[in-house]
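Notes follow the structure.
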Amino acid sequence: MNFRIMEKPTQKKEKLDTREGSGLYAPQRRMFLRYAGATALATTLLLTTSCDDDDDGMTDPEAVDLGSGDTGILNYAYALEQLEAAFYTEVVARSLSVFSQTEQQIMQDLKGHESIHRDFLKAALGSAAIPDLEVNFSSINFNDKSSILTTARTFEDLGVAAYNGAGQYLENAGFLTLAGKIVSVEARHAAVIRDLITNGTFSDSANNQGLDPAMMPADVLQAASPFIVTKISANNLPK
Amino acid sequence: MNIFKIIEDIEKFDPEVYGRLDSRRKVFKNMGSIGKKTALAAIPFALGSVFQKAYGQSSNMVLDVLNFALKLEYLERNFYTQGLAASGLITDSAARAAIQKIQEHEAQHVNLLRTTITSLNGTPISEPTFNFGKNFPDWNTSYQTFLTLAQAFEDTGVRAYKGQAANLINNDTVLTVALQIHSVEARHAAHVRRMRGVKGWIEGAGANSNVPAGAQPVYAGEDNVMQGGINDVKTVGAGYSAAIATAAFDEPLTKEQVAQIVSLFE
Numbered sequence: 007m008n009f010r011i012m013e014k015p016t017q018k019k020e021k022l023d024t025r026e027g028s029g030l031y032a033p034q035r036r037m038f039l040r041y042a043g044a045t046a047l048a049t050t051l052l053l054t055t056s057c058d059d060d061d062d063g064m065t066d067p068e069a070v071d072l073g074s075g076d077t078g079i080l081n082y083a084y085a086l087e088q089l090e091a092a093f094y095t096e097v098v099a100r101s102l103s104v105f106s107q108t109e110q111q112i113m114q115d116l117k118g119h120e121s122i123h124r125d126f127l128k129a130a131l132g133s134a135a136i137p138d139l140e141v142n143f144s145s146i147n148f149n150d151k152s153s154i155l156t157t158a159r160t161f162e163d164l165g166v167a168a169y170n171g172a173g174q175y176l177e178n179a180g181f182l183t184l185a186g187k188i189v190s191v192e193a194r195h196a197a198v199i200r201d202l203i204t205n206g207t208f209s210d211s212a213n214n215q216g217l218d219p220a221m222m223p224a225d226v227l228q229a230a231s232p233f234i235v236t237k238i239s240a241n242n243l244p245k
Numbered sequence: 022m023n024i025f026k027i028i029e030d031i032e033k034f035d036p037e038v039y040g041r042l043d044s045r046r047k048v049f050k051n052m053g054s055i056g057k058k059t060a061l062a063a064i065p066f067a068l069g070s071v072f073q074k075a076y077g078q079s080s081n082m083v084l085d086v087l088n089f090a091l092k093l094e095y096l097e098r099n100f101y102t103q104g105l106a107a108s109g110l111i112t113d114s115a116a117r118a119a120i121q122k123i124q125e126h127e128a129q130h131v132n133l134l135r136t137t138i139t140s141l142n143g144t145p146i147s148e149p150t151f152n153f154g155k156n157f158p159d160w161n162t163s164y165q166t167f168l169t170l171a172q173a174f175e176d177t178g179v180r181a182y183k184g185q186a187a188n189l190i191n192n193d194t195v196l197t198v199a200l201q202i203h204s205v206e207a208r209h210a211a212h213v214r215r216m217r218g219v220k221g222w223i224e225g226a227g228a229n230s231n232v233p234a235g236a237q238p239v240y241a242g243e244d245n246v247m248q249g250g251i252n253d254v255k256t257v258g259a260g261y262s263a264a265i266a267t268a269a270f271d272e273p274l275t276k277e278q279v280a281q282i283v284s285l286f287e
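As given, the protein sequences belong to chains L and U, one line each in that order. Just so we're aligned: 112 in the working numbering is position 106 of the first sequence, and the numbers increase by one with no gaps anywhere. Just so we're aligned: 45 in the working numbering is position 24 of the second sequence, and the numbers increase by one with no gaps anywhere.
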């Protein structure tokens, strides 16, 4: 049985990427989940995100809407992976000389992993995928190792916290497992980057219960907003 | 909505659906006794609760997952505690600090899981007896063997939690806690791997993980490239190598696969 995401976010039509993805395969269980999820899907709540000046809760017509339900969560992940992939692409293009050979390999790997996450999510979302985001890396000094690594740590820790916080909103078990496959790779990245900054700090993100942070989409998008020019609306994400 | 059509549809995928629902017959009887209009409106909710019970995600399933995780955390805590106490095993100060940090996290996970199980009216399993020397006699005298096992435990832990996420999908609180532990285990794994001079991520089925043949079950299936219905995830863009495509996605293990690995130390 094939399963394709049917919902379409409501961004400007001309910005829509029309490339057809191959759709996500549904294991048997999903048939059941589609029925069982029917009631839960009915509950969505408006939330305002990075638009502090937008007190009326209305969606900015210029904003890219992530969409609702599982599609919205996958688009949210896709947005973050776009940001990370763009960053490491820039690092590999401009900054390799500031790194040791081992570190260069790490940067190449991170670029590869984040790019394939991005391209995978785009393909999986198909016509429901949000358009390419415009990023702003003007605050990063790409000639400075420390500036690059601290930005990388911000992105990787944020990615981990984002997936940890968003897992609960996924209705589809297959998507949840997929998110799990990606988040532990983000956590490996985060640990390695942290160790490159200060060896031994790989898991200092955890609290005194041994738990990594789990952040809500609105907080994650707020934290990422200095690096993303495109306005993003998370108003229709599950809550 | 035709309830019988739905059950018929489910039956195509799950021939045992009637068996699962059998013990819930009373609910269907009750549904028949309400007025027709009300019954129609109530069906989605009634179905939700019937299916939730019939298909697990019940508190029993959640408790099973938590006790399964607890066993792994006991194993890790025990392993690191003994390793730190073994004279002359971990002498480098940075290595000791890292292993101590990891041990503390595993101890915190044990406590948190025990508390969570108790709060759900379950009973935490007591700590099993582990025998790390059963297949690795120099585990507490050879630093390299100790680190190899640490890597195997951490990478197994990541895969074990990942494999259970779907079983927690209906309990947001427990699911989130499990994810928050899962990513900490992945951080441990990356660090321990680099202590051994291998990359923090898993390429292929352990091709870059430098473990002996006996430890291969830890990495079985990590070379999977079929993701979300895309037959070969390398093809989603240009120039993706197998190493990149497999390292970018960590793979789950089933409970049975994990039990097999743990049995090497029992």
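Glycine included, C-beta positions come from ideal geometry on N, C-alpha and C. Bear in mind that the values here come from a model prediction, so they are computed numbers and not experimental data.
- Chain L places a beta carbon closer than 9 Å to that of residue 208 of chain U, counting this residue as a contact.
- Here DSSP, grouped into helix, strand and coil, assigns residue 238 of chain L to strand.
- Taking a 10 Å sphere around the C-beta of residue 196 of chain L, we find 16 or more other C-beta atoms and assign the residue as buried.
- Taking a beta-carbon distance threshold of 9 Å, residue 192 of chain L counts as an interface residue toward chain U.
- Chain L places a beta carbon closer than 9 Å to that of residue 255 of chain U, counting this residue as a contact.
- Scanning the stretch 138–185 of chain U for uninterrupted alpha helix (DSSP H) segments of 4 residues or longer gives 164–185, listed from N- to C-terminal end.
- Spatial neighbours of residue 229 of chain L in its own chain (CB-CB distance under 6 Å, excluding positions within 5 residues in sequence) are listed in chain order as 164.
- Contact note: residue 78 of chain L does not reach chain U at a C-beta cutoff of 8 Å; the least C-beta distance is about 17 Å.
- Excluding its 5 nearest sequence neighbours in each direction, residue 95 of chain L has C-beta neighbours in its own chain below 6 Å: 117, listed in chain order.
- Counting along the chain, no alpha helix (DSSP H) covers residue 66 of chain L, and no H or E run does either.
- A distance below 9 Å separates the beta carbons of residue 187 of chain L and residue 271 of chain U.
- Contact note: residue 142 of chain L does not reach chain U at a C-beta cutoff of 7 Å; the least C-beta distance is about 23 Å.
- Of all residues in the stretch 169–186 of chain U, the ones placed with a Cβ closer than 9 Å to any Cβ belonging to chain L are 179, 180, 182, 183, 184 and 186, in chain order.
- Scanning chain U for C-beta atoms nearer than 8 Å to the C-beta of residue 187 of chain L yields 183, 248, 270, 271, 272 and 273, reported in chain order.
- Around the beta carbon of residue 172 of chain U, 16 or more other beta carbons lie within 10 angstroms, which makes this residue buried.
- In terms of Cα proximity to residue 108 of chain L, the closest of U/257, U/220 and U/121 is U/220.
- Linking residue 88 of chain U to residue 173 of chain L through their CA atoms gives a straight-line distance of about 21 Å.
- Annotated three-state conformation of residue 251 of chain U is strand, per DSSP.
- Of the residues U/83, U/93 and U/187, the one whose Cα lies closest to the Cα of residue 281 of chain U is U/93.
- Going by DSSP, residue 223 of chain L is part of the alpha helix (DSSP H) stretching over 223–230.
- Put simply, the stretch 234–248 of chain U touches the stretch 260–270 of chain U. At least three CB pairs are less than 8 Å apart.
- Annotation for residue 149 of chain L: no alpha helix (DSSP H) segment contains it, and DSSP assigns it neither H nor E.
- Non-local C-beta neighbours of residue 82 of chain L in its own chain, meaning closer than 6 Å and more than five positions away in sequence, comprise 72 and 223, ordered along the chain.
- Out of U/195, U/225 and U/158, the CA that lies nearest to the CA of residue 134 of chain U is found in U/195.
- Contact annotation, residue 167 of chain U with residue 105 of chain U: C-beta distance approximately 10 Å; criterion of less than 8 Å not satisfied.
- Shown here, residue 218 of chain L sits in coil according to DSSP, grouped into three states, outside any helix or strand.
- Residues of the stretch 100–130 of chain U with a Cβ closer than 9 Å to any Cβ of chain L, in chain order: 115, 118, 119, 122, 123, 125, 126, 127, 128, 129 and 130.
- In this structure residue 102 of chain L is exposed. Its beta-carbon is surrounded by fewer than 16 other beta-carbon atoms within 10 angstroms.
- In the structure shown, residue 71 of chain L falls within a strand segment according to DSSP collapsed to helix, strand and coil.
- One finds nothing in chain U with a Cβ atom closer than 8 Å to the Cβ of residue 98 of chain L; even the nearest lies about 13 Å away.
- Short of 7 Å from the beta carbon of residue 69 of chain L, and not among the five residues preceding or following it, lie these beta carbons of its own chain, in chain order: 237, 238 and 239.
- Listed along chain U, no residue sits closer than 9 Å to residue 224 of chain L by beta-carbon distance, the nearest being about 16 Å off.
- Only residues of its own chain outside the window of five on either side were considered, and among them 218 have a CB closer than 7 Å to the CB of residue 212 of chain L, listed in chain order.
- Short of 7 Å from the beta carbon of residue 233 of chain L, and not among the five residues preceding or following it, lie these beta carbons of its own chain, in chain order: 89, 141, 142 and 143.
- Per DSSP, residue 102 of chain U is one residue of the alpha helix (DSSP H) stretching across 80–106.
- Listed along chain L are 118, 121, 122 and 125, each with a C-beta nearer than 9 Å to that of residue 261 of chain U.
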